[in-house]
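Chemist: Those protein sequence lines, which keep their order, are chains A and B.
Under the working numbering, the first residue of the first sequence is numbered 132, with each subsequent residue one higher.
Under the working numbering, the first residue of the second sequence is numbered 24, with each subsequent residue one higher.
Cβ coordinates follow ideal geometry from the N, Cα and C atoms, glycine included.
Here the structure is a predicted model, which is why all the values come from computation and not from measurement.
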Amino acid sequence: NAGVTQTPKFQVLKTGQSMTLQCAQDMNHEYMSWYRQDPGMGLRLIHYSVGAGITDQGEVPNGYNVSRSTTEDFPLRLLSAAPSQTSVYFCASSPGQSNTGELFFGEGSRLTVL
Amino acid sequence: GENVEQHPSTLSVQEGDSAVIKCTYSDSASNYFPWYKQELGKRPQLIIDIRSNVGEKKDQRIAVTLNKTAKHFSLHITETQPEDSAVYFCAARAFSGGYNKLIFGAGTRLAVHP
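1. By how many angstroms is the C-alpha of Val43 (chain B) removed from the C-alpha of Phe112 (chain B)?
2. Can you give the Cα-Cα distance for Gln137 (chain A) and Pro192 (chain A), rounded to whole angstroms?
3. Use the C-beta contact count for Arg167 (chain A): other C-beta atoms within 10 angstroms, 16 or more gives buried, fewer gives exposed.
4. So which residues of chain B does Phe236 (chain A) contact, with C-beta pairs closer than 8 Å?
5. Give the secondary structure of Ser215 (chain A) by DSSP, where H, G and I count as helix, E and B as strand, and everything else as coil.
6. Write down the C-beta distance between Lys60 (chain B) and Ala109 (chain B) rounded to the nearest angstrom, noting that I regard them as a contact closer than 8 Å.
7. Contact between the stretch 140-157 of chain A and the stretch 203-213 of chain A: three or more CB pairs below 8 Å?
8. Considering only the alpha carbon of each residue, which of A:Leu207, A:Arg199, A:Ile177 lies closest to Leu140 (chain B)?
9. Look at the alpha carbon of Ser218 (chain A) and the alpha carbon of Pro105 (chain B), and state the distance between them as a whole number of angstroms.
10. Going by DSSP, name the residue or residues bridged to Arg167 (chain A).
11. So, are the CB atoms of Thr202 (chain A) and Glu161 (chain A) less than 8 Å apart?
12. To the nearest angstrom, report how far apart Gln142 (chain A) and Gln216 (chain A) are at their CA atoms.
13. Going by DSSP in three states, Glu106 (chain B) sits in which element: helix, strand or coil?
14. Alpha carbon to alpha carbon, what distance is there between Asp107 (chain B) and Pro206 (chain A)?
15. Give the DSSP-derived three-state secondary structure of Ala52 (chain B) in the structure shown.
16. Per DSSP, which residues does His160 (chain A) bridge with? Please list them.
17. Between the C-alpha atoms of Asp204 (chain A) and Asn159 (chain A), what's the straight-line distance to the nearest angstrom?
18. Mind reading off the beta-carbon distance from Phe127 (chain B) to Leu89 (chain B)? Whole number of angstroms is fine, and I expect it under 8 Å.
19. Taking Cβ positions, are Asp40 (chain B) and Trp58 (chain B) nearer each other than 8 Å?
20. Give a yes or no on whether the minimum CB-CB distance between Phe44 (chain B) and chain A is below 8 Å.
21. Quick check on Gly78 (chain B) - is its C-beta less than 8 Å from some C-beta in chain A?
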């Protein structure tokens, strides 16, 4: 059972480039989310989804897009990367639309924007 | 929206001492308060959680208390061990447009010295 799988684990981008962070879970979880982790800032919610076709903004959504076409996948897109988006990104999922239970995190993706 | 403040940002204790981390939240409608532990270079993992209909919960050496009136909750670790060294995050579940989202505090870096 793989759990939550994120790719890539490491990525270096130049300012203005675009990329997609992939997230997949095999636990049939309805709830999926993306967080970014910066020193001293904790985990800040970017976007989340309560099921296929349903997404909503979190605390820091600007500069990021998401979509949820299947229950398993929740990709995070950076359309025009900026140095301020240098961070560690975590995808997390939870059973049930109401996120009543434990969040299961992926291993994280370290992104550097030059 | 929900705002979670966490103190202290760093905490250093001697092995065997107790450690206490405190969090406050702003949304009186929040009803679920988990704590996550993140070891260096790893993903956050749930260690204990509490719901708003409970005032205290214990699991071996860790306990969480909740004061709904004051809107604060705390993590207590007794008989600390070096393996307790990690970053600890509190979180509160906030409501937004019918959907729930988990908002995290900034984290506390706990160092347990032998």
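Modeler: Taking the geometry as given:
1. On the second sequence, position 89 is the one that residue 112 (chain B) refers to. On the second sequence, position 20 is the one that residue 43 (chain B) refers to. Going from the Cα of Phe112 (chain B) to the Cα of Val43 (chain B) covers about 12 Å.
2. On the first sequence, residue 137 (chain A) is found 6 positions in, with the first residue counted as 1. On the first sequence, residue 192 (chain A) is found 61 positions in, with the first residue counted as 1. Near 19 Å, if we compare the C-alpha coordinates of Pro192 (chain A) and Gln137 (chain A).
3. For the purposes of this step, residue 167 (chain A) is identified with residue 36 of the first sequence, where counting begins at 1. Counting Cβ neighbours within 10 Å, Arg167 (chain A) comes out buried, since at least 16 surround it.
4. The residue you call residue 236 (chain A) lines up with position 105 of the first sequence. Residues of chain B passing the Cβ test: Arg66, Pro67, Gln68.
5. Taking the first sequence and counting its residues from 1, the one referred to as residue 215 (chain A) is at position 84. Here Ser215 (chain A) sits in helix by DSSP.
6. Within the second sequence, numbered from 1, the residue matching residue 60 (chain B) stands at position 37. Within the second sequence, numbered from 1, the residue matching residue 109 (chain B) stands at position 86. So it is a contact: roughly 5 Å between Cβ atoms.
7. yes
8. The question about residue 140 (chain B) has no answer here: the residues shown for chain B are numbered 24 through 137.
9. Counting from one through the first sequence, the residue named residue 218 (chain A) turns up at place 87. Counting from one through the second sequence, the residue named residue 105 (chain B) turns up at place 82. So the two alpha carbons sit approximately 28 Å from each other.
10. On the first sequence, position 36 is the one that residue 167 (chain A) refers to. BP columns for Arg167 (chain A) point to A:Arg175, A:Tyr220.
11. Taking the first sequence and counting its residues from 1, one reaches residue 202 (chain A) at position 71. Taking the first sequence and counting its residues from 1, one reaches residue 161 (chain A) at position 30. With contacts defined as CB atoms closer than 8 Å, Thr202 (chain A) and Glu161 (chain A) qualify as a contacting pair.
12. Looking up residue 142 (chain A) in the first sequence gives position 11. Looking up residue 216 (chain A) in the first sequence gives position 85. Approximately 12 Å, taken between the alpha carbons.
13. Residue mapping note: residue 106 (chain B) aligns to position 83 of the second sequence, counting from 1. Assigned with DSSP and collapsed to three states, Glu106 (chain B) falls in helix.
14. Here the question's residue 206 (chain A) lines up with position 75 in the first sequence. Here the question's residue 107 (chain B) lines up with position 84 in the second sequence. Each residue's alpha carbon lies about 33 Å from the other.
15. Counting from 1 along the second sequence, the entry for residue 52 (chain B) is found at position 29. The three-state secondary structure of Ala52 (chain B), taken from DSSP, is coil.
16. Taking the first sequence and counting its residues from 1, the one referred to as residue 160 (chain A) is at position 29. Paired residue(s): none; His160 (chain A) is not in a bridge.
17. Along the first sequence, read from residue 1 onward, the residue named residue 204 (chain A) stands at position 73. Along the first sequence, read from residue 1 onward, the residue named residue 159 (chain A) stands at position 28. Rounded to whole angstroms, the separation of the alpha carbons of Asn159 (chain A) and Asp204 (chain A) is 10 Å.
18. In the second sequence, counting from the first residue as 1, residue 127 (chain B) sits at position 104. In the second sequence, counting from the first residue as 1, residue 89 (chain B) sits at position 66. That belief does not hold up - the Cβ atoms of Phe127 (chain B) and Leu89 (chain B) are roughly 17 Å apart, past 8 Å.
19. Along the second sequence, one-based indexing puts residue 40 (chain B) at 17. Along the second sequence, one-based indexing puts residue 58 (chain B) at 35. Not closer than 8 Å, so no.
20. Your numbering for residue 44 (chain B) matches position 21 in the second sequence. A small fix is needed here, since residue 44 (chain B) is Ile in this sequence, not Phe. No, Ile44 (chain B) lies away from the interface with chain A (no Cβ there is under 8 Å from its Cβ).
21. The count along the second sequence starts at 1 and reaches residue 78 (chain B) at position 55. No, Gly78 (chain B) lies away from the interface with chain A (no Cβ there is under 8 Å from its Cβ).
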